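Numbering (the working numbering), first residue to last: 15 to 204.
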């Protein structure tokens with residue numbers, strides 16, 4: 015696992031966009047219209063920019079998997095606000111801002127008010143077989159957690175992913191069902 019440079023951001027954006035095309039939580043955030051794929055890509059671009067500002071965007075050594083994981087509380091800069099405005103304009107839509115802010119407020123209340131690593135996104139190139147990249151990222155992020163002596167927190171709306179994270183040592187500390195369509199599991203690994 016390695017941190018990416020700005021020049022590698024397009025590769026990470028591509029991997030994550032492909033991986034999140036059916037993710038209920040990510041799709042809920044963005045405006046649902048004929049531009050849904052470009053809106054999803056804008057959401058991922060926002061996440062990558064935020065991750066880069068917080069020194070937390072990674073690629074597996076074989077470049078088949080990508081992750082965004084950084085220390086919280088994170089940095090807020092002037093460019094952070096610009097990225098948020100782009101997110102609203104390109105992905106969420108002005109009419110959905112209030113709904114998304116309420117959701118984000120709820121999510122924030124569920125997270126412990128202590129320093130931690132926020133494991134925000136994980137994606138795998140669907141054309142790559144074998145899944146070694148995920149293990150590379152897992153091992154690297156677990157080592158980062160150990161070095162910083164911080165727990166890792168993750169949220170997932172995909173039950174299959176929840177089960178994988180449990181095998182990796184994460185434990186569910188809260189479950190929320192914001193819609194009948196999906197649940198969101200809050201997980202932690204100390």
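Even glycine gets a Cβ: it sits at the ideal position worked out from N, Cα and C. The structure presented is a predicted model; accordingly, all values stated were derived computationally and were not measured.
Residue i versus the options, residue with shortest Cα-Cα distance
i: residue 128; options: 88, 22 and 194; result: 88
i: residue 42; options: 199, 192 and 182; result: 192
i: residue 175; options: 25, 36, 91 and 16; result: 36
i: residue 177; options: 71, 162, 201 and 161; result: 201
i: residue 39; options: 183, 181 and 171; result: 171
i: residue 136; options: 29, 124 and 21; result: 29
i: residue 140; options: 32, 19 and 15; result: 32
i: residue 74; options: 138, 15 and 195; result: 15
i: residue 124; options: 189, 55 and 54; result: 189
i: residue 50; options: 104, 122, 179 and 23; result: 104
i: residue 54; options: 90, 102, 91 and 149; result: 102
i: residue 109; options: 122, 198 and 47; result: 47
i: residue 76; options: 20, 143 and 126; result: 143
i: residue 120; options: 21, 204 and 198; result: 198
i: residue 186; options: 194, 138, 203 and 196; result: 203
i: residue 126; options: 164, 91 and 150; result: 164
Beta-carbon proximity of residue i to residue j, cut-off 8 Å
i: residue 52; j: residue 147; result: no
i: residue 45; j: residue 82; result: no
i: residue 17; j: residue 69; result: yes
i: residue 184; j: residue 152; result: no
i: residue 118; j: residue 93; result: no
i: residue 130; j: residue 166; result: yes
i: residue 65; j: residue 84; result: yes
i: residue 86; j: residue 132; result: yes
i: residue 72; j: residue 145; result: no
Residue-chain proximity (residue i, chain C), Cβ-Cβ < 8 Å
i: residue 159; result: This model lacks chain C altogether; it includes just one protein chain.
Residue i - partner residues in DSSP beta bridges
i: residue 80; result: 73 and 137
i: residue 199; result: 170 and 189
i: residue 131; result: 85 and 166
i: residue 17; result: 72
Quiz item: Between the region 58-70 and the region 96-114, do at least 3 Cβ pairs fall closer than 8 Å?
Solution: Yes: the two stretches touch, three or more of their Cβ pairs being nearer than 8 Å.
Quiz prompt | Contact between the region 113-123 and the region 153-161 (3+ Cβ pairs under 8 Å) | solution = no
Exercise. At 4 residues or longer, and completely inside the region 21-77: list those alpha helix (DSSP H) runs for me, N to C.
Key: 23-33, 38-43 and 50-67
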